[in-house]
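Numbering (UniProt numbering), first residue to last: 1 to 214.
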């Protein structure tokens, strides 16, 4: 159930079960990932745009966005080299590679020019396999998510380029709507690595343990 439904039920229970003039304590567990609110209630930009932040919240937001990461950029995450896969690999090989390396996704590169084509998702492939739609013998190209999707006018969809010089404050904002980022050079010729929210948390923990202030 949604958190809103759980809270509504708790209020109803308190209304009918509470003793008149007394207090009733109700423990309510909100088992909600809040993913549906990532671009709204959990987004500082959305709250500012809709004038839902008071002055204190606005100052805290500015601090979190700019001061927390200071002048750090993506290269400070010290990411390992990207593990990639060609579109001609099989789904079975891709699944084995992701589970062995504990990856949630793999960038897909064109073997002819090493350019980034898209990515393959462990969760998506697993679901497709369970539903009987995908087979281990299928090619990755059949089920990959392409970064070159065509729009209504036949033009390529826009995407945001994340490079080693991208500020971590910008990467943090990017993660408000995306679960991972493929790191490339400015011209998107080379796939250099993959960053996740976990990498950001690891960086903050490492900086804090080293005694540097935020």
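Virtual Cβ for every residue (Gly too), placed ideally from N, Cα, C.
- Per DSSP, residue 184 is one residue of the beta strand (DSSP E) stretching across 180–184.
- For residue 28, the secondary structure class from DSSP, reduced to helix, strand or coil, is coil.
- Assigned with DSSP and collapsed to three states, residue 56 falls in helix.
- Secondary structure of residue 78 (DSSP, three-state): coil.
- In this structure, the beta-carbon distance from residue 165 to residue 200 does not fall below 8 Å.
- In the assembly as shown, residue 24 is an exposed residue. Its beta-carbon has fewer than 16 other beta-carbons within 10 Å.
- Here DSSP, grouped into helix, strand and coil, assigns residue 171 to helix.
- Two segments are said to touch when three or more pairs of C-beta atoms, one from each, lie closer than 8 Å; by this definition the segment 87–99 touches the segment 126–146.
- By the Cβ neighbour-count rule, residue 78 is exposed, with fewer than 16 other Cβ atoms within 10 Å of its own.
- With a cut-off of 8 Å on Cβ pairs, the segment 181–199 is not in contact with the segment 45–59, counting fewer than three such pairs.
- Residue 71 has its alpha-carbon roughly 15 Å from the corresponding atom of residue 206.
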